[in-house]
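*Asks:* Starting off with a structure, shown below.
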Amino acid sequence: MNIVEIIEKKKQKKELSKEEIDFFINNYTISKIPDYQAAALIMAIYLNGMTKQEITDFTISMAHSGDVLDLSDFGNVVDKHSTGGVGDKITLILMPIMAALGIPVAKMSGRGLGFTGGTADKIESIPGYRTDLSEDEFRNNVKEIGISLITQTANLAPADKKIYALRDTISCTDSIPLIASSIMSKKIAAGANKIVLDVTCGSGAFMKTKEDAIELSKTMKEIGELSGKEVTCIITKMDEPLGKTVGNKLEIIETIEALKGNMEEDIKEVVLTLGSYILKLAGKGENIQENKNSILECIASGNAYKKFIQLIEKQGGDISYVEDIQKLNKAKEMLNITKNISGYIKKIDAETIGKVACFLGAGRNKKEDKIDMEAGIVFNKKVGDYIEKEEIIAILYTNDIDKLKEAKQMIDGAIEISNNPIEKENMILEII
Ligand code: URA
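Below, the structure written as structure tokens:
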């Protein structure tokens, strides 16, 4: 078999066999195929697409390019994954609730890149918390306290890591077959047999339209069916940031408040919906409304918060920062964002807000960049709220005073005001 023939075949819009896909993935992972040939094949796939069978073979091949965890000794493990968003702290709130309700949580989370944040970075803003556990420590924690949350191990779907990085350099990130196989390869390698996917849709997400989000969801569900995994996709709105905070430490503060029951309405809707479908997939209840009630009771009883504390302590975190959130310092420099008119907030553009938070220090532009845990944005108001002239809408936080002026200019255009009342929309667009 030879890579030039494989590129030629895809260029001619023909279907690649499983053997040809395995040949490419295996040899590219060990660098026997150079980047320029891999780039040619990925571009041909981008332009000509893949059949359902090709997408599944591509996914399984990437999933098996490194370690594949076997979590079967924990029973019904349900994984949750978001396709990325701004202010998205749902994993941090939802997974302790699921663990408190008796579902084993063995969660590997990613780091942030560009305008979207990463759960692993956020939780590391609690001093001492370790995301780099060995597989044995990870398993032991799930066995002992029912939950562990770590970052991805180096050898999980290494082919995806290489192809994802390559796609970024050749303008091939926005391909539904490539995104679907990238996400599902990591989920399959991470070992769960049931998966709930939060497919975000809107300005702060990969999928900008509902049609694309539906197509991505259907593609991932089909990959699941063809590879023996049960998948539910929940399409959620990502036009404005989720909740009231964007930035690592700020989002941890909001997470702790949410686990104590003080939850923004948009967060509550997403947590209750995703959580009730996780409970359903785990065989803990068929009735979605009853599942939502169990989640609310779990929060009200304090059990969800207690499970979070247990997780932080078990992974080396200093729980005094959770018990007294005043200890979680905000950045030194701050600036209030106001408007010189009164009215209803019509838009808070998630993508621009993500970029502003990143610019203030909360995110990375390149993988190697260091992040400022204290930087970010706190919103006092959300879309649909009424504001008086000069009332504070948001507060910018950074440790780099030189950034504030430009950040203010960036954010000004992202917030729009209307004279007419604006209705708050549902967060859940579709369940597939
Ligand atoms: N998330 C992934 O893991 N891969 C993609 O291609 C896009 C989003």
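If you're matching positions, the sequence shown starts at 8 in this note's numbering and goes up one per residue. Cβ atoms here follow ideal geometry from the backbone N, Cα and C, with glycine treated the same way.
1) Give the straight-line distance between the Cα atoms of Leu78 and Ser301, rounded to the nearest whole angstrom.
2) Return the first residue and the last residue of the beta strand (DSSP E) that Met341 is part of.
3) Residues in its own chain within less than 7 Å of Asp29 by CB, not counting five upstream and five downstream?
4) Can you tell me whether DSSP reads Tyr43 as helix, strand or coil?
5) Is Ile62 near ligand 1, judged by its Cβ being under 6 Å from some heavy atom?
6) I need the straight-line Cα distance from Ala106 to Asn255, nearest angstrom please.
7) Ligand 1 heavy atoms versus the CB of Ile418: any closer than 6 Å?
8) In the structure shown, what three-state DSSP assignment does Ala311 receive?
9) Assuming Met50 and Glu27 are in contact, meaning their beta carbons sit under 8 Å apart, how far apart are those beta carbons, in whole angstroms?
10) With a cut-off of 8 Å, do at least 3 Cβ pairs link the region 93–102 to the region 331–340?
11) Excluding five sequence neighbours on each side, which residues of the same chain lie with their C-beta closer than 7 Å to the C-beta of Gly73?
12) Alpha carbon to alpha carbon, how far is Ile230 from Asp86? Give it in angstroms, no decimals.
13) Could you please give the first and the last residue of the uninterrupted beta strand (DSSP E) stretch that includes Tyr351?
14) Can you tell me where the beta strand (DSSP E) holding Asp205 begins and where it ends?
15) Considering just the uninterrupted stretch of the alpha helix (DSSP H) at Met417, what are its terminal residues?
16) Let me check you understand the geometry: is the CB of Ser89 closer than 6 Å to at least one non-hydrogen atom of ligand 1?
17) Would you call the CB atoms of Leu436 and Lys114 closer than 7 Å?
18) Does the beta carbon of Ile190 fall short of 6 Å from some heavy atom of ligand 1?
19) Is DSSP giving Cys305 helix, strand or coil here?
20) Which partner residues does Glu437 have in the DSSP bridge list?
21) Would the region 249–267 count as touching the region 308–326 if we require 3 or more Cβ pairs under 8 Å?
22) Count the other CB atoms, across all protein chains shown, that sit within 10 Å of the CB of Ala172; report buried if there are 16 or more and exposed otherwise.
23) May I ask you to report which of helix, strand or coil DSSP gives Asp86?
24) Report the residue from Ile40, Gly124, Asp205 whose alpha carbon sits nearest the alpha carbon of Ile10.
25) List the endpoints of the continuous beta strand (DSSP E) containing Ser425.
26) Which ranges does the alpha helix (DSSP H) cover as unbroken runs of at least 4 residues, wholly within the region 140–223, from first to last along the chain?
27) Measuring only the C-alpha atoms, how far is Ser327 from Ile306?
28) Going straight from the alpha carbon of Glu247 to that of Lys354, what length do you get?
29) Is the beta carbon of Thr66 closer than 7 Å to that of Ser188?
30) Under a three-way DSSP split, which group does Met227 fall into?
31) Tell me which residue opens and which closes the beta strand (DSSP E) that Phe440 is part of.
32) What would DSSP say about Ser327, mapped onto helix, strand or coil?
33) Since Phe386 is in the alpha helix (DSSP H), which residue starts that stretch and which ends it?
34) Out of Asn433, Asn343, Asp219, which has the shortest C-alpha to C-alpha gap to Thr280?
35) Does any heavy atom of ligand 1 sit closer than 6 Å to the C-beta of Ile186?
36) Tell me where the alpha helix (DSSP H) around Lys267 begins and ends.
*Replies:* Inspection of the coordinates gives the following:
1) To locate residue 78, count along the sequence shown from 1; it is residue 71. To locate residue 301, count along the sequence shown from 1; it is residue 294. For Leu78 and Ser301, the distance between alpha carbons rounds to 25 Å.
2) As a position in the sequence shown, residue 341 is number 334, starting the count at 1. Met341 -> beta strand (DSSP E) spans 340–344.
3) Translated into positions along the sequence shown, residue 29 becomes position 22. These residues qualify, in order along the chain: Ser68.
4) Translated into positions along the sequence shown, residue 43 becomes position 36. Of the three classes helix, strand and coil, the one that applies to Tyr43 here is helix, per DSSP.
5) Within the sequence shown, numbered from 1, the residue matching residue 62 stands at position 55. Outside the cutoff, so no.
6) On the sequence shown, position 99 is the one that residue 106 refers to. On the sequence shown, position 248 is the one that residue 255 refers to. Answer to the nearest angstrom: the Cα atoms are 23 Å apart.
7) In the sequence shown, residue 418 corresponds to position 411, counting from 1. Checking every heavy atom of ligand 1 against the Cβ of Ile418, none is found closer than 6 Å.
8) On the sequence shown, residue 311 is found 304 positions in, with the first residue counted as 1. Note: Ala311 maps to helix in three-state DSSP.
9) Residue mapping note: residue 50 aligns to position 43 of the sequence shown, counting from 1. Residue mapping note: residue 27 aligns to position 20 of the sequence shown, counting from 1. Incorrect: roughly 17 Å between the Cβ atoms, too far for contact.
10) no
11) The sequence position of residue 73 within the sequence shown is 66, counting from 1. The answer, listed in chain order, is Asn162, Leu163, Ala164, Pro165, Ala196.
12) In the sequence shown, residue 86 corresponds to position 79, counting from 1. In the sequence shown, residue 230 corresponds to position 223, counting from 1. Distance between the alpha carbons of Asp86 and Ile230: 15 Å.
13) On the sequence shown, position 344 is the one that residue 351 refers to. From DSSP, the beta strand (DSSP E) with Tyr351 extends over 350–355.
14) Position 198 of the sequence shown, counted from the start, is the residue given in the question as residue 205. Asp205 -> beta strand (DSSP E) spans 201–208.
15) Against the sequence shown, residue 417 aligns to sequence position 410. Per DSSP, Met417 belongs to the alpha helix (DSSP H) from 411–419.
16) Locating residue 89 in the sequence shown gives position 82, where the first residue counts as 1. Checking the Cβ of Ser89 against ligand 1 gives no.
17) By one-based count along the sequence shown, residue 436 stands at place 429. By one-based count along the sequence shown, residue 114 stands at place 107. No, these two residues do not count as a Cβ contact at 7 Å.
18) As a working mapping, residue 190 is identified with position 183 in the sequence shown. Yes, since a heavy atom of ligand 1 falls inside the 6 Å radius drawn around the Cβ of Ile190.
19) By one-based count along the sequence shown, residue 305 stands at place 298. In this structure, Cys305 counts as helix in the three-state DSSP scheme.
20) As a first step, residue 437 is located in the sequence shown; it is residue number 430 there, counting from the start. Per DSSP, Ile242.
21) yes
22) Walking along the sequence shown from the start, residue 172 turns up at place 165. Its Cβ having fewer than 16 others within 10 Å, Ala172 is exposed.
23) Counting from 1 along the sequence shown, the entry for residue 86 is found at position 79. Reduced to three states, the DSSP call for Asp86 is strand.
24) The residue labelled residue 10 in the question sits at position 3 within the sequence shown. Nearest option by C-alpha distance: Ile40.
25) As a working mapping, residue 425 is identified with position 418 in the sequence shown. Ser425 -> beta strand (DSSP E) spans 422–425.
26) 142–152, 165–176, 183–196
27) Stepping through the sequence shown from its first residue, residue 327 is reached at position 320. Stepping through the sequence shown from its first residue, residue 306 is reached at position 299. Taking the straight line joining both Cα atoms gives about 20 Å.
28) Numbered from 1 along the sequence shown, position 240 holds the residue referred to as residue 247. Numbered from 1 along the sequence shown, position 347 holds the residue referred to as residue 354. Going from the Cα of Glu247 to the Cα of Lys354 covers about 7 Å.
29) Taking the first residue of the sequence shown as position 1, residue 188 is located at position 181. Taking the first residue of the sequence shown as position 1, residue 66 is located at position 59. Against a cut-off of 7 Å, the Cβ pair of Thr66 and Ser188 comes out as a contact.
30) Residue 227 sits at position 220 when you count from the first residue of the sequence shown. In this structure, Met227 counts as helix in the three-state DSSP scheme.
31) This structure does not reach residue 440, given that the chain is present from 8 up to 439, and the question cannot be answered.
32) Stepping through the sequence shown from its first residue, residue 327 is reached at position 320. Three-state result, Ser327: helix.
33) The count along the sequence shown starts at 1 and reaches residue 386 at position 379. It is not in any alpha helix (DSSP H) - Phe386 instead sits in the beta strand (DSSP E) that spans 383–386.
34) As a position in the sequence shown, residue 280 is number 273, starting the count at 1. Among Asn433, Asn343, Asp219, the Cα nearest to that of Thr280 belongs to Asn433.
35) Taking the sequence shown and counting its residues from 1, the one referred to as residue 186 is at position 179. Checking every heavy atom of ligand 1 against the Cβ of Ile186, one is found closer than 6 Å.
36) In the sequence shown, the residue the question calls residue 267 occupies position 260. Neither: Lys267 is in no alpha helix (DSSP H) and is coded neither H nor E.
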